[in-house]
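Numbering (full-length UniProt numbering), first residue to last: 1 to 428.
Every residue, glycine too, gets a C-beta built ideally from N, C-alpha and C.
Note that this is a predicted model, so its numbers are computed, not measured.
This report refers to the structure that appears directly beneath it.
And the structure:
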């Protein structure tokens with residue numbers, strides 16, 4: 001065991017269960033815990049460490065996620081949502097696909113020769129999950145995942161905007177993910193009902209946080225300042241949104257406004273939460289991470305978050321319409337593969353565009369916070385490259401970023417680009 005980490009009994013029990021599932025014999029294998037002090041082992045919601053099971057002649061490494069030791073109820077609730085997605089929702093989505101492909105093949109007098117042929121038709125969206133559990137009252141939580149790096153997946157540079165190839169794959173997979181929600185909702189409404197209750201986990205808590213209103217006031221002021229002083233109309237629109245942003249977020253989050261098109265959303269569908277594998281230098285597979293903000297809501301939510309928060313102005317000017325069409329085509333195509341021959345009629349592109357216009361305001365408000373935090377985080381990460389050894393206290397301090405520090409040229413460029421595109425596309 002490395003790093004002197006104190007492993008709770010419930011974690012040891014969970015890992016023993018995982019080892020058994022993986023075919024390791026109790027008493028004949030070793031378990032090595034690797035808790036590294038590097039900056040990639042901690043997020044706001046969880047910490048993770050690698051666990052390696054060894055039994056000659058083989059070994060298997062998994063990733064173990066647990067809540068921080070000092071996690072409050074909000075963090076545990078977020079962890080609980082992610083455990084539900086990994087442990088229940090994603091397996092249910094895979095099973096639904098598997099059953100539908102088999103049923104449709106039988107009705108078409110087609111049979112699959114092997115189980116592999118069926119599995120090839122099933123789209124997976126996250127790492128394989130071996131165990132997921134969370135008990136908020138006890139303060140316990142654990143998610144055990146495969147290490148997808150062993151299958152050739154890797155992260156992009158977290159601060160680089162998505163390029164065309166990565167964004168296109170992200171849009172295809174997003175369309176397919178949302179299609180499963182819509183098909184399941186139509187074909188097995190009693191099963192889908194549980195997902196309708198996946199509401200916002202953090203919105204109310206965030207809006208009630210001390211200082212949040214003042215932070216948003218500063219964020220709006222800084223964003224407005226990037227506009228030309230003579231651009232009175234746009235400045236006035238942003239000022240009106242500033243005066244009612246809390247109510248706007250409440251209204252936008254109302255799933256009823258987007259029915260009957262609501263789906264299970266990832267909730268944080270951005271480049272930071274994607275890992276890619278490559279073929280010939282081009283991304284060909286994608287897995288999604290960090291499902292804490294998954295919720296039932298408008299399909300446009302994930303789309304606008306990716307396009308407006310993970311891509312830059314140049315990309316949107318050149319590829320926005322293409323990305324919209326790519327997402328929509330993927331959604332309709334997979335709905336058809338799942339047995340819906342009329343999706344083109346009930347979910348035309350005009351409906352998607354209407355949903356995007358509603359959700360764009362949420363992306364804009366998120367962008368007011370996301371862009372300065374991203375710029376500041378990038379500068380912090382650059383500084384850390386010259387000082388790789390730092391204490392836990394220093395690492396925690398690096399996560400405390402002053403939202404008012406927006407004089408950076410990168411902030412000016414990114415924020416102005418976001419505002420220009422929101423206005424250019426008629427979304428505000």
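Check, Outcome
"Can you give the Cα-Cα distance for residue 363 and residue 372, rounded to whole angstroms?", "14 Å"
"May I have the straight-line CA-CA distance separating residue 255 from residue 294, to the nearest angstrom?", "13 Å"
"Taking the straight line between their C-alpha atoms, what separation do you get for residue 421 and residue 305?", "14 Å"
"For residue 508, which residues of its own chain have a beta-carbon under 6 Å away from its beta-carbon, when the five flanking residues on both sides are left out?", "Given a span of 1 to 428 for the chain in the structure shown, any question on residue 508 remains unanswerable."
"In whole angstroms, what is the alpha-carbon distance linking residue 102 and residue 96?", "10 Å"
"Below 8 Å, how does it come out for the region 183 to 193 and the region 297 to 304: are there three or more Cβ pairs, yes or no?", "no"
"Identify, in the order they occur along the chain, each residue of the same chain with its Cβ nearer than 8 Å to the Cβ of residue 119, setting aside the five sequence neighbours on each side.", "98"
"With residue 320 as the anchor, note down where its alpha helix (DSSP H) starts and where it stops.", "313 to 337"
"Can you name the start and end residues of the alpha helix (DSSP H) that residue 184 belongs to?", "164 to 187"
"Measuring CA to CA, which of 319, 313, 79 and 13 is closest to residue 418?", "313"
"Can you give, in chain order, each stretch of the alpha helix (DSSP H) that sits fully within the region 192 to 277 and has at least 4 residues?", "203 to 207, 212 to 225 and 232 to 252"
"Considering only C-alpha positions, which residue in the set 322, 180 and 19 is nearest to residue 340?", "180"
"CA-CA distance, residue 197 and residue 262?", "12 Å"
"Taking Cβ to Cβ, would you say residue 143 is nearer than 8 Å to residue 11?", "no"
"Rounding to the nearest angstrom, what Cα-Cα distance links residue 87 and residue 21 in this structure?", "15 Å"
"From this set, 266, 104, 241 and 349, which residue's C-alpha is nearest residue 200's C-alpha?", "266"
"Please state whether the Cβ-Cβ distance between residue 80 and residue 136 is less than 8 Å.", "yes"
"Based on DSSP bridge pairs, tell me the residues matched to residue 32.", "52"
"Using three-state DSSP, classify residue 412 as helix, strand or coil.", "helix"
"Please name the residue or residues paired with residue 86 in a DSSP beta bridge.", "Paired residue(s): none; residue 86 is not in a bridge."
"Within its chain, find whatever has a CB closer than 6 Å to the CB of residue 175; leave out the 5 residues flanking it on each side and keep chain order.", "327, 330 and 331"
"Along the beta strand (DSSP E) that carries residue 131, what are the first and last residues, could you check?", "129 to 135"
"Please check the pair residue 289 and residue 367, which I expect to be a contact at CB under 8 Å, by giving their CB distance rounded to whole angstroms.", "Contact doesn't hold; Cβ gap of about 21 Å is too wide."
"Compute the beta-carbon to beta-carbon distance between residue 126 and residue 169, rounded to the nearest angstrom, for a pair I have assumed lies under 8 Å.", "About 15 Å; that fails the 8 Å criterion."
"Between which two residues does the alpha helix (DSSP H) carrying residue 431 extend?", "With the chain covering 1 to 428 only, the question about residue 431 has no answer from this structure."
"By a C-beta neighbour count over all protein chains shown, 10 Å radius and 16 as the cutoff for buried, is residue 291 buried or exposed?", "buried"
"Taking Cβ to Cβ, would you say residue 248 is nearer than 8 Å to residue 241?", "yes"
"Just to confirm before moving on: does the CB-CB distance between residue 18 and residue 130 stay below 8 Å?", "yes"
"Using only the alpha-carbon positions, how far apart do residue 296 and residue 346 sit?", "20 Å"
"For residue 298, does the three-state DSSP call read helix, strand or coil?", "coil"
"Would you mind giving the Cβ-Cβ distance between residue 146 and residue 62, rounded to the nearest angstrom? I have them listed as a contact below 8 Å.", "6 Å"
"Does the distance from the C-beta atom of residue 375 to that of residue 414 stay below 8 Å?", "yes"
"State the start and end residues of the unbroken beta strand (DSSP E) segment that holds residue 140.", "140 to 146"
"If we call anything under 8 Å between Cβ atoms a contact, is residue 166 one with residue 156?", "yes"
"Skipping 5 residues on each side, what residues in its chain have a beta carbon closer than 8 Å to that of residue 26?", "16, 19 and 20"
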